[in-house]
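Residue numbers (my numbering): 68 to 195.
The beta-carbon is built from N, C-alpha and C at its ideal position, and this holds for glycine as well.
All of these numbers come straight from a predicted model, not from anything done at the bench.
Working notes for the structure below.
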């Protein structure tokens with residue numbers, strides 16, 4: 068049986084400028100530290116893969132206190148931006164949630180052409 072998370076990751080999804088903009092707009096109500104932590108988790112590993120670093124390492128990397136980082140992670144999980152991937156003992160490891168992967172999948176769709184140009188045959192050119 069396929070889990071929903073496996074179904075969301077059939078191939079690598081790109082982390083694009085458009086996805087970054089959508090995330091910025093969607094998380095505008097959250098504290099600034101939350102966006103920094105979310106951005107770290109989305110860029111530290113291929114999108115959708117587990118980030119195999121502890122919250123302590125994340126805090127040191129993004130220059131936020133451990134307490135603030137822990138609270139940010141809790142809010143991001145509660146709001147559906149991150150999901151718990153697994154635990155090793157009491158240490159949790161997270162990855163981007165399906166909410167993020169769905170936004171990335173929207174960006175990955177090929178653009179529809181605005182118009183199609185067809186050249187008409189020239190009359191009289193074949194007659195000469």
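Query, Result
"If you check the beta carbons only, do residue 110 and residue 82 fall under 8 Å apart?", "yes"
"Kindly confirm or deny that the segment 92-101 and the segment 118-126 touch, where touching means at least three C-beta pairs closer than 8 Å.", "no"
"From residue 87 to residue 190, what distance separates their C-alpha atoms?", "51 Å"
"From residue 143 to residue 106, what does the alpha carbon distance come to, in whole angstroms?", "11 Å"
"In angstroms, rounded to a whole number, what distance separates the CA positions of residue 20 and residue 140?", "Within the shown structure, residues of the chain are numbered from 68 to 195, placing residue 20 beyond reach of any answer."
"Can you give me the C-alpha to C-alpha distance between residue 145 and residue 91, rounded to a whole angstrom?", "17 Å"
"Quick one, which of 163, 150 and 129 has its alpha-carbon nearest residue 112's?", "163"
"Return the residue from the list 148, 103, 134 and 130 that minimises the CA-CA distance to residue 169.", "148"
"What separation, rounded to the nearest whole angstrom, lies between the Cα atoms of residue 155 and residue 118?", "13 Å"
"Please report the Cβ distance between residue 84 and residue 104, rounded to the nearest whole angstrom; I am assuming they are in contact, meaning their Cβ atoms lie under 8 Å.", "Not quite, the Cβ-Cβ distance comes to about 20 Å (not below 8 Å), so this is no contact."
"What first and last residue would you give for the alpha helix (DSSP H) that runs through residue 142?", "133-145"
"May I ask you to list the residues that DSSP assigns as paired with residue 163?", "149"
"Using CA coordinates, which residue listed in 167, 165 and 137 is at the minimum distance from residue 158?", "137"
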